[in-house]
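Residue numbers (this note's numbering): 342 to 472.
One structure is given here, and the rest of the page talks about it.
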């Protein structure tokens, strides 16, 4: 049962079942099932009989993105998290501002580049002075 709220998309049995908030997208059986007031969450990856669905236990967390069965399944109240891959949930229920790629069985991350560069420009800084 999806509560009458605006700007939600739910595809799958009991996706967004407990939801009372706006701006969520759930694709898959039980995705965002426990979500109540969390907003702007996106979960894709439903219950397959052996793993939990994406963002299954999220209740008030907002701005989370989970792709893959079990992705961010433990998140309850955390905000601004990204989980990509099967069971990519390596965070506690209230962690925020994290990115998880894959589960504990992933042994290699492959990319053309060999390092991650942090953002650094005037939009990310304060108290900039000319010399």
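Ideal placement from N, C-alpha and C gives every residue a C-beta, glycine not left out.
Between which residues of its own chain and residue i is the CB-CB distance below 7 Å, once the five residues before and five after are set aside?
i	result
residue 387	353, 369, 370, 371, 372, 394, 410
residue 481	Nothing in the structure corresponds to residue 481, since the chain is present only between 342 and 472.
residue 347	363
residue 519	What the structure shows of the chain is the stretch from 342 to 472, and residue 519 is not part of that stretch, so it cannot be assessed.
residue 357	343, 349, 351, 365, 367, 373, 376
residue 355	370, 371, 374
residue 437	419, 420, 421, 422
I need the DSSP call for residue i, collapsed to helix, strand or coil.
i	result
residue 363	coil
residue 396	coil
residue 442	strand
residue 342	Model confidence at residue 342 stands at a pLDDT of 48, short of 50, so the residue's coordinates are unreliable; what they give is reported in the following sentence. Here residue 342 sits in coil by DSSP.
Starting from residue i, follow its DSSP beta bridges and name the residues at the other end.
i	result
residue 408	385, 425
residue 401	Looking at the DSSP assignment, residue 401 forms no beta bridge with any residue, so it has no partner.
residue 368	352, 385
Can you tell me the Cα-Cα spacing of residue i and residue j, whole angstroms?
i	j	result
residue 380	residue 403	5 Å
residue 408	residue 446	17 Å
residue 424	residue 416	10 Å
residue 344	residue 430	Note that residue 344 has pLDDT 49, beneath the 50 cutoff, so the model's placement of it is unreliable and the number below is only indicative. Cα-Cα distance, rounded: 27 Å.
residue 459	residue 385	28 Å
Hey, residue i and residue j are a contact pair by Cβ (cut 8 Å); roughly how many whole angstroms apart?
i	j	result
residue 441	residue 418	Actually they do not touch by this definition, with Cβ atoms about 16 Å apart.
What residues in its chain sit with their C-beta under 6 Å from that of residue i, if we drop five residues either side in the sequence?
i	result
residue 383	366, 406
residue 435	418, 419
residue 443	426, 429
Taking only beta-carbon atoms, is residue i less than 9 Å away from chain B?
i	result
residue 446	The structure shown contains no chain B, having only a single protein chain.
Excluding five sequence neighbours on each side, which residues of the same chain lie with their C-beta closer than 8 Å to the C-beta of residue i?
i	result
residue 457	none
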